[in-house]
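S.K.: In my numbering, the protein residues as written are 2 to 331.
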Amino acid sequence: MNRPASAKIIGTGMYVPERVMSNEDFAHIVETSDEWITQRTGMKERHLAELGQATSDLAVEACRQALDDAGVAPADVDLVICATITADNVLPATACWLQDRLGCTKAGAFDLTAACSGHIYALAQARAAILSGQARTVLVTSAEILSSITDYADRGTCVLFGDGAGAAVVQASDEPDTGILYTALYADGSGGAMMLLPAGGSRRPPSHDTVDQRLHYMQIRGREVFKFAVLKMEELIDECLHACHLTVDQVTMVVPHQVNTRIIDAATSRMGFPPEKVFLNIHKYGNTGGASVAMAHHEAIREGKIGPGDTAFLVAFGGGLTWAAAAIRH
Ligand SMILES: CC(C)(COP(=O)(O)OP(=O)(O)OC[C@H]1O[C@@H](n2cnc3c(N)ncnc32)[C@H](O)[C@@H]1OP(=O)(O)O)[C@@H](O)C(=O)NCCC(=O)NCCS
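As structure tokens, then:
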């Protein structure tokens, strides 16, 4: 079997639902203000799905765009990976709905759960499948309807999240030293309770009681996550620099999980990255979980901030706890 030299991202896409929720809109439903949200998070707006709209409805649009961008026919996709914590259903996988709707007739399909690190975990699986010769073309999508698990009575969390989907087509290439150069995946389950959706799984199946106690919504210890996120983001950037033998000057753009501008600023500035080398779209979309890095990566490319030959670091962290990075040469 001929093993390829690299796994390259050859197309990207994204989609957000039409409905926009601004900071001012939140001030009507909880005790908060545009000033507080902007200063503490950097967020101004987020897009929220309509009731009845499912995660695959967003992902299918992002995937079509990515396939189009890559010039790849759905029938040529070997594997569909969907990273999500808000699957359409527990059974079947959202990736299977997508496989059918997109017409990826020859592809295997599975979901992956790594919360906000999901896109990078999925890119790592795509790269591994390609470099091992198991697949030639992999469609990765990271999509969330976080509004379906957000408690809109809790001002500490509800302002943070939005809905959206990103997608990337990863394909085998004979060019060495290009594409996804390096990936780093980590987890620490001892911190699982820091970001928790208590009920709805096998531990606490849904019941009238779990609904009455509002246990089907995310519970987040924001202050603890803040410290963990800054530390891990620095470590991941440092690891990518060392593993790829690169200096800060040789990296065109850091594309971080869009969690909070204060977290991103603290970590990237300490690592020596000036603001113009850090891609932000948090003001438009808030935190869209696993979709966040996928959407930011797509927009950075579309806006010309990452071009052919450029090197970008994708960095994320989230529930699990998980944290992950990918160094990508375009
Ligand atoms: C959530 C987050 C924005 C809070 O910012 P912070 O500076 O840490 O703020 P604190 O939690 O210390 O809260 C400060 C005060 O603001 C209040 N507050 C919280 N949310 C508020 C809101 N939406 N509007 C107004 N006040 C708010 C708190 O009640 C607290 O008041 P108190 O001091 O009287 O108790 C920040 O910690 C964060 O971004 N954490 C990570 C988020 C996360 O986990 N995301 C998902 C994982 S990827």
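C-beta: ideal position from N, C-alpha, C; glycine also.
What is the DSSP secondary structure of residue 172, reduced to helix, strand or coil?
M.R.: strand
S.K.: Please specify which runs of the beta strand (DSSP E), each continuous and at least 3 residues long, are wholly inside the region 45-75, giving them in chain order.
M.R.: Listed in chain order, the complete beta strand (DSSP E) runs (minimum 3 residues) inside the region 45-75 are 46-48.
S.K.: What alpha helix (DSSP H) runs, 4 residues minimum, are completely inside the region 283-317?
M.R.: 283-286, 292-303
S.K.: If I measure Cβ to Cβ from residue 307 and keep anything under 7 Å in the same chain, skipping five residues before and after, which residues do I get?
M.R.: 253, 254, 301, 313, 331
S.K.: Quick one: what does DSSP say residue 229 is sitting in, helix, strand or coil?
M.R.: helix
S.K.: Counting along the chain, where does the alpha helix (DSSP H) carrying residue 124 start and finish?
M.R.: 119-132
S.K.: Taking 8 Å as the cut-off, is the CB of residue 150 close to at least one heavy atom of ligand 1?
M.R.: Shortest gap from the CB of residue 150 to any heavy atom of ligand 1: 8 Å or more.
S.K.: Taking Cβ to Cβ, would you say residue 127 is nearer than 9 Å to residue 323?
M.R.: No, the pair does not count as a contact, with Cβ atoms beyond the cut-off.
S.K.: Taking 8 Å as the line, does the beta carbon of residue 33 fall inside it for any heavy atom of ligand 1?
M.R.: yes
S.K.: Rounding to the nearest angstrom, what Cα-Cα distance links residue 298 and residue 106 in this structure?
M.R.: 27 Å
S.K.: Indicate, with yes or no, if ligand 1 has a heavy atom lying under 8 Å from the CB of residue 196.
M.R.: yes
S.K.: At a cut-off of 8 Å, would you count residue 87 as near ligand 1, judging by its Cβ distance to the nearest heavy atom?
M.R.: No, ligand 1 has no heavy atom inside 8 Å of this Cβ.
S.K.: With a Cβ-Cβ cutoff of 9 Å, do residue 288 and residue 162 count as a contact?
M.R.: Against a cut-off of 9 Å, the Cβ pair of residue 162 and residue 288 comes out as a contact.
S.K.: Just the Cα atoms here: how many angstroms apart are residue 217 and residue 151?
M.R.: 8 Å
S.K.: Flag residue 157 as yes when its Cβ comes closer than 8 Å to any non-hydrogen atom of ligand 1, and as no otherwise.
M.R.: yes
S.K.: Within its chain, find whatever has a CB closer than 7 Å to the CB of residue 96; leave out the 5 residues flanking it on each side and keep chain order.
M.R.: 81, 82, 83, 110, 111, 112
S.K.: On a Cα-Cα basis, can you pick out the residue from 197, 148, 245 that is closest to residue 180?
M.R.: 245
S.K.: Check whether the Cβ of residue 111 sits closer than 8 Å to any heavy atom of ligand 1, and report yes or no.
M.R.: no
S.K.: Can you tell me the Cα-Cα spacing of residue 225 and residue 196, whole angstroms?
M.R.: 10 Å
S.K.: Put residue 105 into one of helix, strand or coil per three-state DSSP.
M.R.: coil
S.K.: Between which two residues does the beta strand (DSSP E) carrying residue 11 extend?
M.R.: 7-16
S.K.: Count the other CB atoms within 10 Å of the CB of residue 47; is the residue buried (16 or more) or exposed (fewer)?
M.R.: Its Cβ being crowded by 16 or more others within 10 Å, residue 47 is buried.
S.K.: On a CA-only basis, which of 18, 240, 199 is nearest residue 220? Give me that one, please.
M.R.: 199
S.K.: Output needed for residue 257: all residues of its chain with C-beta closer than 6 Å, excluding positions within five of it in sequence on either side, in chain order.
M.R.: 265, 316
S.K.: So what's residue 28 in DSSP terms, helix, strand or just coil?
M.R.: helix
S.K.: Is residue 297 near ligand 1, going by C-beta to nearest heavy atom under 8 Å?
M.R.: no
S.K.: Less than 8 Å between the CB of residue 221 and some heavy atom of ligand 1, yes or no?
M.R.: yes
S.K.: Tell me whether residue 161, by its Cβ, gets closer than 8 Å to a heavy atom of ligand 1.
M.R.: yes
S.K.: When you measure from the CB of residue 38 to every non-hydrogen atom of ligand 1, does any distance come out below 8 Å?
M.R.: Residue 38 Cβ: within cutoff of ligand 1.
S.K.: Might you give, ordered along the chain, the residues of its own chain that have their beta carbon closer than 6 Å to the beta carbon of residue 320, omitting 5 neighbours on each side?
M.R.: 116, 196
S.K.: With 16 other CB atoms within 10 Å as the buried threshold, where does residue 91 fall?
M.R.: By the 10 Å Cβ count, residue 91 comes out exposed.
S.K.: Could you give the uninterrupted runs of the beta strand (DSSP E) lying entirely in the region 136-219, keeping only those of 3 residues or more?
M.R.: 138-146, 164-174, 180-188
S.K.: For a test of the three-state rule: what should DSSP assign to residue 257, helix, strand or coil?
M.R.: strand
S.K.: Less than 9 Å between the C-beta atoms of residue 142 and residue 166, yes or no?
M.R.: The answer is yes: Cβ separation under 9 Å.
S.K.: Taking a contact to mean a Cβ-Cβ separation below 9 Å, would you say residue 242 touches residue 171 in this structure?
M.R.: no
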